[in-house]
């Protein structure tokens, strides 16, 4: 009888715990509005939406070019377009600023921009003088999951 009461109590506690769960408790997967993008002389910019919560730009990767050999930089900008120094960013909520990753090298210049408050992801081709198409992978993510978009530069 004691075993029965113990099991019944345990099941009631579990059921009450599960009844308290709703859709807001579970992690939503990150999704990018496109998985494949092509940028060239005619289409130089693309704006994508990322759904599923807060996210950061994790990585820009390419097997076609060595991104470490070119000049790359990143910077945070305020709503007026002013670049912020590391000192000005100390203790700030970085999600409230525009984040831009810039790559220049091998005859290519492209920018990847995370808009403030995770409003969007912009990819821009500024210059392309390379002899063949280049494939990039732009990866965004948060503490729980990640998503990527494949970008072809021509």
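Residue numbers (this note's numbering): 18 to 171. For each residue, glycine too, the CB sits at the ideal point set by N, CA and C.
In the DSSP assignment, what are the bridge partners of residue 126? 121, 144
Of the residues 169, 170, 164, 171, which one's Cα is nearest the Cα of residue 73? 164
On the CB-based measure, 16 or more other CB atoms within 10 Å of its CB, does residue 24 come out buried or exposed? exposed
Going along the chain, which residues of its own chain have a beta-carbon closer than 8 Å to the beta-carbon of residue 133, five neighbours each way excluded? 96, 112, 113, 114, 115
Does the segment 151 to 161 come close enough to the segment 128 to 142 that 3 or more CB-CB pairs lie under 8 Å? yes
N- and C-terminal bounds of the beta strand (DSSP E) containing residue 88: 88 to 94
Among 141, 146, 135, which one has its Cα closest to the Cα of residue 49? 135
Let's see if you can read the secondary structure: which residues bound the alpha helix (DSSP H) around residue 105? 103 to 106
Counting only the same chain and skipping the five closest in sequence on each side, list residues whose C-beta sits under 7 Å from that of residue 88. 121, 122
Anticipated Cβ contact below 8 Å, residue 137 with residue 66, distance rounded: 6 Å
Beta-carbon spacing of residue 117, residue 145 below 8 Å: no
In whole angstroms, what separates the C-alpha of residue 22 from that of residue 28? 10 Å
Where do the ends of the beta strand (DSSP E) carrying residue 47 lie? Looking at the DSSP string, residue 47 is not in any beta strand (DSSP E), and its letter there is neither H nor E.
Rounded to whole angstroms, what's the CA-CA distance from residue 149 to residue 81? Just pull it up for me. 9 Å
Please report the distance separating the alpha-carbon of residue 141 from that of residue 44. 30 Å
Opposing strand residues paired with residue 152 [DSSP bridges]: 169
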